[in-house]
Amino acid sequence: MRIPVRSKREPGIYGPNAVSFPAYVTGFFLVGMPLVVITIFSFLSRGDFGSGVIRKFTLEAYRTVFFETDLMGNSSFNFTYLHIIGRSVLLAFTVTLICLIVGIPTAIWIALQKKSTQRVLIALVTIPFWVNVLARTYAWMLLLSEGGLFDKLGSPVLLYTSWATFIGLTYAFLPFMVLPIYASAEKLDRSILEAAFDLGASGWRVLIRIVIPMIRFGIFAGIAIVFIPALGAYVQPALLGGNKVMLIGSLINDQFGESRNWPVGSALAVLLLAMTGLILLSTRRRKLEFAS
Amino acid sequence: MKLDISKITMGHRKRLSIIGVAAAVSLLVGIAVPQAQAAVGYPKKPVGTELNLYNWSNYIDPALLKRFTAETGINVNLGVYESNAQMLAKLEAGARGYDIIVPTDYMVQIMAKKGLLQRIKRTTFPNGANLKAEFANPYFDQGRSYTIPYLHGLTGFGYLKDKVTTNPTTWKEFFAAIPSYPGKTTIFDDKKEVIDAALRSMGYKPCTKSVVQLQAVQDLIKSIKPNLNTIASSGNIGRLSSGTSVLLMMYNGATYKAKLANPNVVFVYPKDGLPLWQDNFAIPVGAKNVDNAKIFLNWMMDPKNIAQASNWAGYNNGITGSDKYLLDAMQADTAFTPTAAQMSLGVAMAPCSTAVNDLYTKVWTAFKG
Chain A
725 MRIPVRSKRE PGIYGPNAVS FPAYVTGFFL VGMPLVVITI FSFLSRGDFG
775 SGVIRKFTLE AYRTVFFETD LMGNSSFNFT YLHIIGRSVL LAFTVTLICL
825 IVGIPTAIWI ALQKKSTQRV LIALVTIPFW VNVLARTYAW MLLLSEGGLF
875 DKLGSPVLLY TSWATFIGLT YAFLPFMVLP IYASAEKLDR SILEAAFDLG
925 ASGWRVLIRI VIPMIRFGIF AGIAIVFIPA LGAYVQPALL GGNKVMLIGS
975 LINDQFGESR NWPVGSALAV LLLAMTGLIL LSTRRRKLEF AS
Chain B
79 MKLDISKITM GHRKRLSIIG VAAAVSLLVG IAVPQAQAAV GYPKKPVGTE
129 LNLYNWSNYI DPALLKRFTA ETGINVNLGV YESNAQMLAK LEAGARGYDI
179 IVPTDYMVQI MAKKGLLQRI KRTTFPNGAN LKAEFANPYF DQGRSYTIPY
229 LHGLTGFGYL KDKVTTNPTT WKEFFAAIPS YPGKTTIFDD KKEVIDAALR
279 SMGYKPCTKS VVQLQAVQDL IKSIKPNLNT IASSGNIGRL SSGTSVLLMM
329 YNGATYKAKL ANPNVVFVYP KDGLPLWQDN FAIPVGAKNV DNAKIFLNWM
379 MDPKNIAQAS NWAGYNNGIT GSDKYLLDAM QADTAFTPTA AQMSLGVAMA
429 PCSTAVNDLY TKVWTAFKG
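So the sequence lines, in the order shown, correspond to chains A and B.
Take my numbering: the final residue in the first sequence is number 1016, and no numbers are missing along the way.
Take my numbering: the final residue in the second sequence is number 447, and no numbers are missing along the way.
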């Protein structure tokens, strides 16, 4: 079957077909259904001894998230969870931004190399995936600790600071930014770039007016797959950051675990999902603006 | 890492959501309380060769399991978890196929009340009577009808005597000393352990309902937070022996291990009281190899076998006659073998009510903020 050239750059405009059926089945069972269960849980009551749920409808979980009764019994709007969510968003945003700043030039540079060199460089980018993320995070702990490599090189001891969290997260997510951007940069038609240079455009202008718009789908994909997991980051803040601030990931984990409050954990997950959905929707709108 | 985005198109969405609701409802029904099974006596021989053990990670000597297989012909498949809550959540979500689990004291009580544990009729076991008196009748399983004891320990604190010279002996002195060692102190990432310790440091009782007392706890732990390097329940053996932390909340057994690497390590049984936690073997409802599980429980009540577990893990056990098989170094070290006076400071760690647990969560969330 001949695939129209346009479909390469604008996937999805031909709608679902039989080939995508396995993807829908996977998405339904592994993503859709758990989300439905979580949403239902968020409207149920806590089980006996606090764990699990019992089938009795209540808005208690959402009330707990938005309003608090402090230790002294005063009820007020609850900023604690919003504060935690806000901090997580800020962290994810910053990590995404740094990944963009480092990832875009890296990806474009790789795409401009010889084909054989590209293959080697991409293999290098993916090498970290051969080792479990936990093991790599422990490696960073050794590097950043007192007496570690960075300490010996004269850097202040960063372990158990927010800087360590940033370093660990950026390190972990950078490949996820580089790979999709590379995938679209690699398809760049070089004759267009040459034409632009021939017409007198500066290098900077070519980058802003031609290269970036042409690789925008790769950039959007990179933003999505860095920002969303970074929002739920758990390992790096716990191990590198010293576990001293609460983030949305550990907050939800705690609700299902030690705090034994599944409905509140579910409600927080639903809120996080709604926020992530809004963010994705806004990038989709921007995508349309770009396309038109 | 917790969320992903489904890409279901408009046309499919409605149909799929109906199936989704149906599936979710059936899942909810599946979580309904399982029925308890009748207790039966000790088996004459193994049935099949399988046994599925669901244990804390890194909590049983692999050589011990190999010897069990060699002596009984039963293969042990080991699954691991990191917290009681994780194990409970998995069983409550309907996981079947685990024959033995290792719940901590308070979790035994919760699981027994929820009908998740089988009665084991310990008295029919050949080794069934080998219980130290102080572990034969715990609050969470009076008469031991659901569990047999595995290992136990106490949560106190450890320090390096060449770095910390004030010789702290109480929780009060522990918390007071923290600001003197900024960036060199650690407490557990465990709200119950930390809040209970802080309550004891001020002369209050764990599981208090008093918001005034809890407010005082919140103020105390928030005030010491800037001096902590990390809030962590694991990795503390290395932290203490390497000097990354010089004063930290520790289990006695972990401190014993740290002491092997650094002779300056000291373990303190705080005079204002400390929790005694006890891990136990139990057979969950839904276990497939109940007979093999009972053979394992009985085998672990053999003094020589449980002593090997203690020697490997660094924690003492509740089986009579096991002391003579313990390593000499362990018997000589009070971090491993507390004196009677030290042991008497230990109070069995009991769970707080859900209402108090919620108050603890508030304090902890404000602390972690």
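No residue lacks a Cβ here, since even glycine has one placed at the ideal position from N, Cα and C.
Enclosing alpha helix (DSSP H) for residue i [first to last residue]
i, result
"Y438 (chain B)", "432-446"
"T818 (chain A)", "803-835"
"T147 (chain B)", "140-150"
"M378 (chain B)", "368-378"
"W864 (chain A)", "857-868"
"G316 (chain B)", "314-320"
"V959 (chain A)", "959-963"
"Y895 (chain A)", "886-909"
"N389 (chain B)", "381-391"
Helix, strand or coil at residue i [DSSP, three-state]
i, result
"T398 (chain B)", "coil"
"Y259 (chain B)", "coil"
"P227 (chain B)", "strand"
"N340 (chain B)", "coil"
"G973 (chain A)", "helix"
"Y748 (chain A)", "helix"
"G108 (chain B)", "Confidence at G108 (chain B) is low in this model, with a pLDDT of 42, below 50, so the placement of that residue should be treated as unreliable; the coordinate-derived value is given next. Note: G108 (chain B) maps to helix in three-state DSSP."
"M327 (chain B)", "strand"
"G767 (chain A)", "Before going on, a small fix: residue 767 (chain A) reads as Phe here, not Gly. In this structure, F767 (chain A) counts as coil in the three-state DSSP scheme."
"N205 (chain B)", "coil"
"S915 (chain A)", "helix"
"Y184 (chain B)", "helix"
"L709 (chain A)", "Only positions 725 to 1016 of chain A appear in the structure, and residue 709 (chain A) is not among them; the question remains open."
"V154 (chain B)", "strand"
"V689 (chain A)", "Nothing about residue 689 (chain A) can be read from this structure; chain A reaches only from 725 to 1016."
Span separating the alpha-carbon of residue i from that of residue j
i, j, result
"V343 (chain B)", "A336 (chain B)", "7 Å"
"I822 (chain A)", "A957 (chain A)", "16 Å"
"E870 (chain A)", "L338 (chain B)", "22 Å"
"W355 (chain B)", "A426 (chain B)", "6 Å"
"L975 (chain A)", "S288 (chain B)", "25 Å"
"K269 (chain B)", "V441 (chain B)", "8 Å"
"Q420 (chain B)", "L232 (chain B)", "10 Å"
"S446 (chain B)", "Y120 (chain B)", "Reading off the sequence, residue 446 (chain B) comes out as Lys, not Ser. Answer to the nearest angstrom: the Cα atoms are 49 Å apart."
"V813 (chain A)", "A954 (chain A)", "9 Å"
"G351 (chain B)", "C285 (chain B)", "14 Å"
"S744 (chain A)", "G756 (chain A)", "16 Å"
"F951 (chain A)", "L898 (chain A)", "11 Å"
"N136 (chain B)", "N162 (chain B)", "15 Å"
"M189 (chain B)", "S279 (chain B)", "31 Å"
"S915 (chain A)", "I891 (chain A)", "38 Å"
"G424 (chain B)", "P353 (chain B)", "5 Å"
"L292 (chain B)", "L768 (chain A)", "29 Å"
"M379 (chain B)", "I373 (chain B)", "10 Å"
"A167 (chain B)", "N977 (chain A)", "11 Å"
Chain-ordered chain B contacts of residue i [CB-CB under 8 Å]
i, result
"S766 (chain A)", "Here the premise fails: no neighbours, minimum Cβ distance about 12 Å."
"R984 (chain A)", "A163, T432, N435"
"G870 (chain A)", "Checking the sequence shown, residue 870 (chain A) turns out to be Glu, not Gly. The contacting residues are T322."
"G810 (chain A)", "Within 8 Å Cβ-Cβ: nothing; G810 (chain A) doesn't reach chain B, min ~12 Å."
"T894 (chain A)", "Simply none; closest approach about 16 Å."
"T804 (chain A)", "T443, A444, G447"
Residue i: contacting residues in chain B (beta-carbon distance under 7 Å)
i, result
"Y884 (chain A)", "N307, T308"
"N967 (chain A)", "D267, T308, I309, A310"
"T820 (chain A)", "By Cβ distance, chain B contributes nothing, its closest Cβ being about 15 Å from T820 (chain A), past 7 Å."
Partner residues on chain A for residue i, Cβ-Cβ distance less than 7 Å
i, result
"Q164 (chain B)", "G981"
"G351 (chain B)", "Per Cβ cutoff of 7 Å: no residues; G351 (chain B) is ~22 Å from chain A at best."
"T439 (chain B)", "S983"
Proximal chain A residues relative to residue i, where beta-carbon distance stays under 9 Å
i, result
"K303 (chain B)", "K968"
"T233 (chain B)", "Result: empty, since nearest Cβ-Cβ is about 15 Å, beyond 9 Å."
The ligand NAP heavy atom lying under 7 Å from the CB of residue i
i, result
"T804 (chain A)", "With respect to the ligand NAP, the structure offers nothing, as it holds no ligand at all."
Chain A residues whose Cβ lies nearer than 8 Å to that of residue i
i, result
"E271 (chain B)", "Those do not exist, as E271 (chain B) stays about 10 Å from chain A at its closest Cβ, beyond 8 Å."
Extent of the continuous beta strand (DSSP E) run through residue i
i, result
"V425 (chain B)", "424-426"
"P353 (chain B)", "352-360"
"F944 (chain A)", "Premise fails: F944 (chain A) lies in the alpha helix (DSSP H), 940-955, not in any beta strand (DSSP E)."
Proximity test, Cβ basis, 8 Å: residue i and chain C
i, result
"A294 (chain B)", "Checking the listed chains, one finds no chain C in this structure; the protein chains it contains are A and B."
**Request:** Taking 8 Å as the threshold, find out whether the segment 203-217 of chain B comes into contact with the segment 304-321 of chain B through three or more Cβ pairs.
**Result:** no
**Message:** Does the structure place the segment 250-265 of chain B close enough to the segment 412-419 of chain B that three or more beta carbon pairs sit under 8 Å?
**Reply:** no
**Message:** Does the structure place the segment 229-249 of chain B close enough to the segment 322-334 of chain B that three or more beta carbon pairs sit under 8 Å?
**Reply:** yes
**Message:** Assess contact between the segment 123-131 of chain B and the segment 149-166 of chain B, defined as three or more Cβ pairs (one per stretch) separated by less than 8 Å. Is contact present?
**Reply:** yes
**Request:** Inspect the CB distances between the segment 970-988 of chain A and the segment 847-865 of chain A and report whether three or more fall short of 8 Å.
**Result:** no
**Request:** Spell out a yes or no on whether the segment 906-914 of chain A and the segment 925-939 of chain A are touching, meaning 3 or more CB-CB pairs, one atom from each, closer than 8 Å.
**Result:** yes
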